[in-house]
Structure formats: C-alpha cells, structure tokens
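Data block below; observations after.
Protein chains in written order, with this note's numbering: chain A, 220 to 434; chain B, -3 to 6.
This is how it looks when you write it as structure tokens:
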C-alpha cells in the first residue's frame, strides 16, 4: 500500500459517500445515471469474485464489501425506492450500455493476464470501469445544470483513478516485477474520459458559477 | 505481497 493508492481508495470512498448523501438527503436522484450505477455494480461484482477465496487484508475485504454493497444499494434505491425513483431522469438516461458490456467482455476474452474464469472477469471489470462513466457524462450534458453534490460525485469518481495512475507509476519505480498494463492503459483511458468534465468543473469553481456542461 | 493472480488492488 502506498500513499497514492490510499488517496485513490479514500477519494473513491468519498465519491460513494457523496452520492449516498445526495440521494439520502435530497431523497432525489435527479442528474444521476442509473445506467452508470448498474455498470459500476457489474464492475465490482466481476472484479471482486475473489472476495471469499483470497484474503489480502481486512482493509481490502472491507472496502470490497463497501463498494459492492453501496453500488447495489444505490441501484436498488433508484429502481425501487418509492420516493427516489420518481426523480430518476428516465427519458434522459437512455445510453444503450449493453454495447459497452458486450465489447468489454469480448475484449476481456481476447486480452487478459491469464485465461481463467476469474482473470477474464477481472479484465472485463477493468475495461468496463473505464467506460462506465459515459452514461453519466451524457446525462449531465443533456440535463444542463448540474447540482453541486452530483458534480462533486463525478469529480471524486474521476479523481480516484488519477491517484491510481500515480500509484502504478510509483509501484513500477519501486517494485522490480511490477507491470499492470491492463490496469494502466484502462486507467489512462478512464481518466481521459473525464478530461472535459474536469475542465468545466474547474472553470465553474474558478468563476464560482454553476457547473454547466455544453450540450 | 503479490497475490496468486496478482490483484492486491481494489
């Protein structure tokens, strides 16, 4: 564990807490893409198949349970909670993400560290996470103004993988046999997808204005 | 600590 990875995990945890706060405090999920939440639930379920087979540390196990539990809870809330579900932007959240899921799974069948059930699903989760934010970014552009908590949620979600890139550089420099090309390349693609959001987020922060993404 | 299939990250 290094400071970059810890910062990344904490930033990721903060993004989940901000989203839970938004939904719980405002009893609304307007501006949040259910499709992105469902993709993230798939990412965690596919990535943490080793949850019960490989014990790495208490921290690792607890964080995996938190991410799986929170992503499923948010999907459940947005689908079935009788108050929250009413504020879901159903007609704006129309990204056909099964294309992404199919493409990522096909890529994982071709490109993986080892051809085993667990490894293929792990590579699938890495590729899927890289594009999981797309429905959310599309929804933000369509829904125009973005409320603060939603903007902060997306910001922290994008920032966490940027910390992981620093972690991979650090591990590459300090650990002799460290190579994680699948994670690194996907992580770069993932962070790059946030580039324009980060730009408009910074502009809105500098001008102390509402976050506006161009349509 | 490297894991059998090397995934010690979240």
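Ideal placement from N, C-alpha and C gives every residue a C-beta, glycine not left out.
Is any heavy atom of the ligand GDP found at a distance shorter than 6 Å from the C-beta of residue 272 of chain A? With respect to small molecules bound, the structure shown includes none, and the ligand GDP cannot be examined in it.
List, in chain order, every chain B residue whose beta-carbon is nearer than 9 Å to that of residue 222 of chain A. Numbered from its first residue, the first chain carries residue 222 of chain A at position 3. Chain B residues near residue 222 of chain A: none, gap ~14 Å exceeds 9 Å.
For the pair the stretch 380 to 392 of chain A and the stretch 295 to 310 of chain A, tell me if three or more CB-CB distances fall below 8 Å. Contact between the stretch 380 to 392 of chain A and the stretch 295 to 310 of chain A is absent, because fewer than three Cβ pairs lie under 8 Å.
Between residue 289 of chain A and the rest of its own chain, which residues show a CB-CB distance below 6 Å, the 5 nearest in sequence each way excluded? For the purposes of this step, residue 289 of chain A is taken as residue 70 along the first chain, with counting starting at 1. Once the five neighbours on either side are set aside, the close Cβ partners of residue 289 of chain A are 235.
Check whether the Cβ of residue 414 of chain A lies closer than 7 Å to any Cβ atom in chain B. The sequence position of residue 414 of chain A within the first chain is 195, counting from 1. Residue 414 of chain A does not count as touching chain B.
Along the chain, where does the alpha helix (DSSP H) that runs through residue 301 of chain A open and close? Translated into the one-based positions of the first chain, residue 301 of chain A becomes position 82. Neither: residue 301 of chain A is in no alpha helix (DSSP H) and is coded neither H nor E.
Here's a check: name, in chain order, each residue in its chain whose Cβ is nearer than 6 Å to the Cβ of residue 361 of chain A, leaving out the five neighbours to either side. As a working mapping, residue 361 of chain A is identified with position 142 in the first chain. Once the five neighbours on either side are set aside, the close Cβ partners of residue 361 of chain A are 311.
Could you tell me the alpha carbon to alpha carbon distance between residue 412 of chain A and residue 249 of chain A, rounded to whole angstroms? Translated into the one-based positions of the first chain, residue 412 of chain A becomes position 193. Translated into the one-based positions of the first chain, residue 249 of chain A becomes position 30. In this structure, the alpha-carbon of residue 412 of chain A lies about 22 Å from that of residue 249 of chain A.
Selection from A:374, A:399 and A:373 that minimises the alpha carbon distance to residue 385 of chain A: Against the first chain, residue 385 of chain A aligns to sequence position 166. In terms of CA proximity to residue 385 of chain A, A:399 leads the group A:374, A:399 and A:373.
Is it a yes or a no for the stretch 404 to 419 of chain A touching the stretch 251 to 266 of chain A, going by three-plus beta-carbon pairs under 8 Å? Too few Cβ pairs lie closer than 8 Å, so no.
In three-state terms, what does DSSP make of residue 432 of chain A? Taking the first residue of the first chain as 1, we reach residue 432 of chain A at position 213. The three-state secondary structure of residue 432 of chain A, taken from DSSP, is coil.
How is residue 426 of chain A classed by DSSP in three states: helix, strand or coil? As a first step, residue 426 of chain A is located in the first chain; it is residue number 207 there, counting from the start. Secondary structure at residue 426 of chain A: coil, using DSSP grouped into helix, strand and coil.
Check whether the Cβ of residue 275 of chain A lies closer than 7 Å to any Cβ atom in chain B. Within the first chain, the letter at position 56 stands for residue 275 of chain A. Answer yes: the Cβ-Cβ gap between residue 275 of chain A and chain B drops below 7 Å somewhere.
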